[in-house]
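> My questions all concern the structure below.
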Amino acid sequence: MNTDKVYVGIMKLHEAIDIKEVYNIMKEFETVVYQTPPMKSAVKRSIRKRRIYSFIPLETDSNYVLFKAHVESGTYIRKLCFDVGEAVGVGINMVELRRIRSGVFDESHAVTLNQLAYYASVYKETGESSELTKLLNPIEEMLVDKPLIIVRGSAKKNLYTGASLSIRGVVCVSNDIKSGGEAFVCSENGELIEVA
8 MNTDKVYVGI MKLHEAIDIK EVYNIMKEFE TVVYQTPPMK SAVKRSIRKR RIYSFIPLET
68 DSNYVLFKAH VESGTYIRKL CFDVGEAVGV GINMVELRRI RSGVFDESHA VTLNQLAYYA
128 SVYKETGESS ELTKLLNPIE EMLVDKPLII VRGSAKKNLY TGASLSIRGV VCVSNDIKSG
188 GEAFVCSENG ELIEVA
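Under the numbering used here, think of the first position of the sequence shown as 8, with each following residue one higher.
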């Protein structure tokens, strides 16, 4: 999903400088930036624009800066830290990173692998799924603020079998659908049918 992300991380300054310089430069990065994916990347290495919504220092200890970054999906935080270093003339590298939010999901939605494995094994052995189900979020939760097409129940079956959607099957369309962009097709009761 192309949803915005929020991270907390630690960057290390290779030399001692006035930390206010770093803070000021971080503020200047709260805009659209141009980034090239790293050499070892699964995507094509072409320059891409990414929005940095906020990039704020939380605390400093010696040459380490704890920061929080709210960014567009696909932003390379390691590169962002490196670029701050380039701007202040001091080497800076990221030493730790943790994603605390992706779209509408934050850490309060997280479960440990041990929890998931335990309740999956309980389900496998006993058929009891209630505890496992509590760990899972319905996919429809991610549709908050997404472009939607709501369809009639009569159109639902056709879509499941791969048929085209006719205008008669559409109940409503949200205003934020962009040509060539994603739209989420849902039934009248809010069930996700497909991504178009």
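Here a beta-carbon is modelled for each residue, glycine too, at the ideal position from N, C-alpha and C.
Keep in mind the model is a prediction, meaning the values are calculated, not measured.
1) Where does the unbroken alpha helix (DSSP H) through Arg85 begin, and where does it stop?
2) Under a Cβ-count criterion, where at least 16 other Cβ atoms within 10 Å of its own Cβ denotes burial, should Gly187 be classed as buried or exposed?
3) In this structure, how does DSSP classify Ser186 when only helix, strand and coil are distinguished?
4) Inspect the beta-carbon positions of Phe74 and Met18 and report whether they are closer than 8 Å.
5) If you draw a straight line from the alpha carbon of Val177 to that of Cys88, how long is it in whole angstroms?
6) In the DSSP assignment, what are the bridge partners of Gln42?
7) What residues are listed by DSSP as bridge partners for Asp113?
With the given structure in hand:
1) Note, Arg85: alpha helix (DSSP H), 84-95.
2) Classification for Gly187: exposed.
3) If DSSP states are grouped into helix, strand and coil, Ser186 belongs with coil.
4) Yes, they are a contact pair.
5) Those two C-alpha atoms are separated by around 46 Å.
6) Gln42 pairs with Arg55.
7) For Asp113, which the question treats as bridged, DSSP gives the partners Arg108.
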